[in-house]
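A.B. asks: Line order of the protein sequences matches chains A and B. The first sequence begins at 1 in my numbering and counts up by one. The second sequence begins at 243 in my numbering and counts up by one. We put the beta carbon where it would ideally sit given N, CA and C, even for glycine.
There are 2 protein chains.
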Amino acid sequence: MFDMTEAIGLPRPPGAKPRRVRAERGLSREAIVATALRVIDDEGIDAVTMRRIGLELGTGGASLYAHIDGKDELLELVFDEVAGEIAPIEADPKHWQDQLKSYLRDWHRILLSHRDLARIGLGRVPTGPNSLVGMECMLSIMRAGKLDDAVIGYGADLLSAYVTNSAYEGSIWMSGKAATPEVGQAYHRELETYFASLPPERFPTLISLVPALMGDPEEDGEARFEFGLDVVVRGLVARSKK
Amino acid sequence: MFDMTEAIGLPRPPGAKPRRVRAERGLSREAIVATALRVIDDEGIDAVTMRRIGLELGTGGASLYAHIDGKDELLELVFDEVAGEIAPIEADPKHWQDQLKSYLRDWHRILLSHRDLARIGLGRVPTGPNSLVGMECMLSIMRAGKLDDAVIGYGADLLSAYVTNSAYEGSIWMSGKAATPEVGQAYHRELETYFASLPPERFPTLISLVPALMGDPEEDGEARFEFGLDVVVRGLVARSKK
DNA sequence: ATGTTCCACGAACAACGTTCGTTGTCAACG
DNA sequence: CGTTGACAACGAACGTTGTTCGTGGAACAT
C-alpha cells in the first residue's frame, strides 16, 4: 500500500510523524466523548460509567483506556466539547455590558441544557481549547468596557464561577435522581413549609423572608440568575470606577 | 434527616417516641461526626469512608448505620457541626455592611480551616440547625441595612453560594491529593506558563491578562475573596437603591 | 513472509456504600 | 429474680465503581 499523503500529492513535511492511517476499529476519542455527552443528556453524570460508555459503543469499559487517560479526563473533554457550543462574539465597546450579560446567559443556558454537566466545571480552571476561546471572548468584552486589569482578572473568575455554580444549583432541582420537574417542585414546597414551621422567636427574619427566599419555582431559576448577573456586573463597574 | 426538634430545644410533640435512654456502648452520633471531622481535617473528604470512620472508632463500617442513615447524612451533619463554629452577631444598622462582610469572612475562614469540607455544601440548601442560625444572622444583618426583601432573598443565596464556592476553590489548591502547599504553587506556575505559551494571535487578551488572572499565589486567595465580597455587596446596595 | 506495534477485551483487583444475619447485652416487665 | 424483647455491634457478603493485566489478533513496516 501507499501512503495517504502521496495520494493527495503533497510531500510529507520533514520530521512529521508518519500519519496514523490505521483503520479505526470502531473506537475513537470523539466517539467516546460524544457517547458520554449523550448519556449525560439522557440520565445525568452519575450514569456515566466506564462500562456503560463502553457498552454503549459495543465493547467493555477497559477498551476506553487506549484512547483516554481515565474518567477525569473524559469528563473534562466532555465539558470542553460543550464549551464549544457557545458562539463567540466580537466585543463592541458601546454595548459591552449587554454583551457580557448576554454571553454569560448563553453559557448558563447551554450548561443547563446538559443536565448536571456543570458539576464537572465546579472549582476547576478550564484549560480545554474551547473553554479558552470562551475565556478570551469574555475577557475581550470586559476590556472593551475599559475596566481595570485587576478588576478584569478577578472579575472574570468571579463571573465564570457564578455561571457554573448557578447552572449546577439549577440542575439539582431536576436531577437528584431520575427526577421529573414535579419531584423538584415537591421538594421546593417541602422546603418552604419546613422553613415556615421553624420557631418564630428564634428565626424571625428567616420566616418573614420565606417568600423572598424561595420564590416561584416556575420562573425562579431564570430570575435568580438574572439577579446575580446584574448584581455582579454592577459591582464590577462600581469597583472599577473607584 | 435528623431530629430537628431535639436539636433546637422544642418541647416534644405529644405522642413522640420516648427518648432513647439506653446507655451508649461506645458509639454515638456525636462521636461519629467528630471522628469524621477529624479525618477531614487530617486528610480531606475523600479519606472519609464508612470503614475508615468505623475503624477509627474501633469497629467496622457497618456499625455506623445504627446511628446514621448513610454517608450523605453523615457529611451533612459534619457540615452543620462546623457551621456551629461561627459566632453569631447582633445586627447593628449603622455598620451593617462591615458586619456582613466580617461575618462572611469568618464563615469563609472557618470553611477553609477544614480542608475541602466546603465541597459538601456546594449547591446544597443548608437545613441543619447551626446553618439555619447562620442564615438567620446573615438575613437580619441585611435587613438592618434596609435592603428590599427581594434583594435580601436572592442576595443571601448569592452570598452564601459565593462563600461556599470560594472556599471550595481555595481548598483545591491544597487538597488535590496529600498535597503540600508547594505542590499547589507548582501547579500555579505550570498553569501560568501554559497560559503565557498560547498563540498570541488567537488569545491576545488572555495573554496580556495573565498576571491579573493568576495573581501572587501567596496572598492571592484572600485578596480574591475580598474582591468578590466587595463587588457583590456593592452590587446589592446599588440594586436595592434603584 | 516476517516482525512489530498497538488496539480490543475478558478477567481480575482493590475499594466503595450498603445490607444481612447473627450475637451479645442491657432495660423493662411479670 | 428470671424472662423476654429490643437493639447496638459486627463479620461477611453483595453489587458497583475505576482501573490494570495479559492475551489475542489485525494492520502496518521491513
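Around the C-beta of Ser373/B, are 16 or more other C-beta atoms found within 10 angstroms, so that it is buried, or is it exposed?
C.D. replies: Taking the first residue of the second sequence as position 1, residue 373/B is located at position 131. By the neighbour-count rule (16 or more Cβ atoms within 10 Å), Ser373/B is buried.
A.B. asks: Using a Cβ-Cβ cutoff of less than 6 Å, which residues in the same chain neighbour Phe437/B once the five nearest sequence positions on both sides are dropped?
C.D. replies: Indexing the second sequence from 1 puts residue 437/B at position 195. For Phe437/B, where only same-chain residues beyond five positions count, the Cβ hits under 6 Å are Val452.
A.B. asks: Since Ile328/B and Ile352/B are thought to touch, with beta carbons under 8 Å apart, how far apart are those beta carbons, to the nearest angstrom?
C.D. replies: Looking up residue 328/B in the second sequence gives position 86. Looking up residue 352/B in the second sequence gives position 110. Going by Cβ atoms, the distance from Ile328/B to Ile352/B rounds to 6 Å, so yes, they are a contact pair.
A.B. asks: Quick one: any contact between the region 76-94 of chain A and the region 57-67 of chain A, if contact means 3 or more CB pairs under 8 Å?
C.D. replies: no
A.B. asks: If you reduce the DSSP assignment to three classes, tell me which class Ser240/A lands in.
C.D. replies: As a working note, residue 240/A is residue 240 in the first sequence. Three-state result, Ser240/A: helix.
A.B. asks: Please confirm whether Ala329/B has its beta-carbon closer than 8 Å to some beta-carbon of chain A.
C.D. replies: Here residue 329/B corresponds to residue number 87 of the second sequence, with the count starting at 1. Output row for Ala329/B: interface = no.
A.B. asks: Mind checking if Gly123/A is an interface residue toward chain B, Cβ cutoff 8 Å exclusive?
C.D. replies: Indexing the first sequence from 1 puts residue 123/A at position 123. Gly123/A belongs to the set of residues whose beta carbon lies under 8 Å from a beta carbon in chain B.
A.B. asks: Rounding to the nearest angstrom, what Cα-Cα distance links Pro126/A and Glu201/A in this structure?
C.D. replies: As a first step, residue 126/A is located in the first sequence; it is residue number 126 there, counting from the start. As a first step, residue 201/A is located in the first sequence; it is residue number 201 there, counting from the start. Between the alpha carbons of Pro126/A and Glu201/A lies a distance of about 46 Å.
A.B. asks: Does Leu451/B get closer than 8 Å to chain A when you measure Cβ to Cβ?
C.D. replies: As a working mapping, residue 451/B is identified with position 209 in the second sequence. Cβ-Cβ to chain A under 8 Å: yes for Leu451/B.
A.B. asks: Could you tell me whether the Cβ of Thr435/B comes closer than 8 Å to any Cβ of chain A?
C.D. replies: Working through the second sequence from its first residue, we reach residue 435/B at position 193. Output row for Thr435/B: interface = no.
A.B. asks: Hey, which unbroken runs of the alpha helix (DSSP H) at 4 residues or more fall wholly within the region 263-320 of chain B?
C.D. replies: 271-285, 292-298
A.B. asks: Since Leu478/B meets chain A, which of its residues come closer than 7 Å, beta carbon to beta carbon?
C.D. replies: For the purposes of this step, residue 478/B is identified with residue 236 of the second sequence, where counting begins at 1. Result: Val231.
A.B. asks: Check whether chain B comes within 8 Å of Leu77/A, counting only Cβ atoms and requiring the distance to be less than that.
C.D. replies: Position 77 of the first sequence, counting from 1, holds the residue named residue 77/A. Between Leu77/A and chain B, the shortest Cβ-Cβ separation is not below 8 Å.
A.B. asks: When the cut-off is 8 Å and only beta carbons count, does Tyr154/A lie next to chain B?
C.D. replies: The residue given as residue 154/A occupies position 154 in the first sequence. True, the Cβ-Cβ gap to chain B drops below 8 Å.
A.B. asks: With a CB to CB cut of under 6 Å and the five nearest residues on each side skipped, what residues in its chain are close to Ser402/B?
C.D. replies: Locating residue 402/B in the second sequence gives position 160, where the first residue counts as 1. Here the set comprises nothing.
A.B. asks: Output, in chain order, the set of chain A residues within a Cβ distance shorter than 7 Å of Met377/B.
C.D. replies: Translated into the one-based positions of the second sequence, residue 377/B becomes position 135. Residues of chain A passing the Cβ test: Leu206.
A.B. asks: Kindly indicate if chain A contains any beta-carbon less than 8 Å away from that of Gly286/B.
C.D. replies: Looking up residue 286/B in the second sequence gives position 44. Chain A, which has no Cβ nearer than 8 Å to the Cβ of Gly286/B, makes this no.
A.B. asks: Spell out whether any CB of chain B is found under 8 Å from the CB atom of Leu147/A.
C.D. replies: As a first step, residue 147/A must be located in the first sequence, where it is residue number 147. It does not; no Cβ of chain B falls within 8 Å.
A.B. asks: Straight-line CA distance for His356/B to Ile282/B?
C.D. replies: Counted from its first residue, the second sequence places residue 356/B at position 114. Counted from its first residue, the second sequence places residue 282/B at position 40. When the Cα atoms are used, His356/B and Ile282/B turn out to be separated by approximately 7 Å.
A.B. asks: Just to check my reading of the structure: Gly370/B and Ala409/B have Cβ atoms closer than 8 Å, yes? What is that Cβ distance to the nearest angstrom?
C.D. replies: By 1-based counting over the second sequence, the position of residue 370/B is 128. By 1-based counting over the second sequence, the position of residue 409/B is 167. Actually they do not touch by this definition, with Cβ atoms about 17 Å apart.
A.B. asks: Using a C-beta to C-beta distance shorter than 9 Å, which residues of chain B count as neighbours of Ser140/A?
C.D. replies: Taking the first residue of the first sequence as 1, we reach residue 140/A at position 140. What Ser140/A touches in chain B: Pro446, Thr447, Leu448.
A.B. asks: Can you find the residues in the same chain that come closer than 7 Å, C-beta to C-beta, to Lys313/B, ignoring five residues on each side of it along the sequence?
C.D. replies: Stepping through the second sequence from its first residue, residue 313/B is reached at position 71. For Lys313/B, the CB contacts under 7 Å within the same chain, skipping 5 residues up- and downstream, are Met292 in chain order.
A.B. asks: Run down chain B in chain order and give the residues with a C-beta less than 8 Å from the C-beta of Glu169/A.
C.D. replies: Translated into the one-based positions of the first sequence, residue 169/A becomes position 169. Neighbours of Glu169/A on chain B, chain order: Gly365, Ala403.
A.B. asks: Assign Trp96/A to one of three DSSP states: helix, strand, or coil.
C.D. replies: Translated into positions along the first sequence, residue 96/A becomes position 96. Here Trp96/A sits in helix by DSSP.
A.B. asks: Label Arg481/B either buried or exposed according to how many other C-beta atoms from any shown protein chain fall within 10 Å of its C-beta, with 16 as the threshold for buried.
C.D. replies: Position 239 of the second sequence, counting from 1, holds the residue named residue 481/B. Classification of Arg481/B: buried, given that the 10 Å Cβ count is 16 or more.
A.B. asks: Excluding sequence positions up to five away, which residues of its chain have a Cβ less than 8 Å from the Cβ of Gly296/B?
C.D. replies: The count along the second sequence starts at 1 and reaches residue 296/B at position 54. Here the set comprises Gly302, Gly303, Ala304, Ser305, Leu306.
A.B. asks: So which residues of chain B does Ala150/A contact, with C-beta pairs closer than 7 Å?
C.D. replies: Here residue 150/A refers to the residue found at position 150 when the first sequence is read from its first residue. In chain order: Ala454.
A.B. asks: With 8 Å set as the bound, which would you pick, yes or no: does the beta-carbon of Arg264/B sit closer than that to a beta-carbon of chain A?
C.D. replies: Here residue 264/B refers to the residue found at position 22 when the second sequence is read from its first residue. Because the pLDDT at Arg264/B is just 44, under 50, the model does not fix this residue reliably, and the value given afterwards should be weighed accordingly. No, no contact with chain A.
A.B. asks: Go through its chain and collect everything with a Cβ distance to Leu448/B's Cβ below 8 Å, but skip five positions before and after it.
C.D. replies: As a first step, residue 448/B must be located in the second sequence, where it is residue number 206. If we look at Leu448/B and ignore the five residues flanking it on each side, its Cβ neighbours are Phe437, Leu440, Leu455.
A.B. asks: On the premise that Leu478/B lies in contact with Val393/B, defined as a C-beta separation below 8 Å, what is that separation, rounded to the nearest angstrom?
C.D. replies: The residue labelled residue 393/B in the question sits at position 151 within the second sequence. The residue labelled residue 478/B in the question sits at position 236 within the second sequence. At roughly 6 Å, the Cβ-Cβ gap stays under 8 Å, so Val393/B and Leu478/B are in contact.
A.B. asks: Does the CB of Arg431/B have a neighbour CB from chain A at under 8 Å?
C.D. replies: To locate residue 431/B, count along the second sequence from 1; it is residue 189. With 8 Å as the cut-off, Arg431/B does not count as an interface residue toward chain A.
A.B. asks: Leu346/B CB to nearest chain A CB: under 8 Å?
C.D. replies: What you label residue 346/B is simply residue 104 of the second sequence in a count that begins at 1. Output row for Leu346/B: interface = no.
A.B. asks: By alpha-carbon positions, which one of Glu411/B, Cys379/B, Ser382/B, Val425/B ends up nearest to Arg124/A?
C.D. replies: Here residue 124/A is taken as the residue at index 124 of the first sequence, counted from 1. Of the listed residues, the one whose Cα sits closest to Arg124/A is Glu411/B.
A.B. asks: If you draw a straight line from the C-alpha of Ala23/A to the C-alpha of Asp106/A, how long is it?
C.D. replies: Start at 1 with the first residue of the first sequence, and residue 23/A comes out as number 23. Start at 1 with the first residue of the first sequence, and residue 106/A comes out as number 106. With a pLDDT of only 41 at Ala23/A, under the threshold of 50, the placement of this residue in the model should not be trusted; the figure read from the coordinates follows. Near 38 Å, if we compare the C-alpha coordinates of Asp106/A and Ala23/A.
A.B. asks: So what's Leu364/B in DSSP terms, helix, strand or just coil?
C.D. replies: By 1-based counting over the second sequence, the position of residue 364/B is 122. If DSSP states are grouped into helix, strand and coil, Leu364/B belongs with coil.
A.B. asks: Using a Cβ-Cβ cut-off of 7 Å (strictly less than) and excluding sequence neighbours within five positions of Phe445/B, which residues of its own chain qualify?
C.D. replies: As a first step, residue 445/B must be located in the second sequence, where it is residue number 203. Closer than 7 Å at Cβ, skipping near neighbours: no residue.
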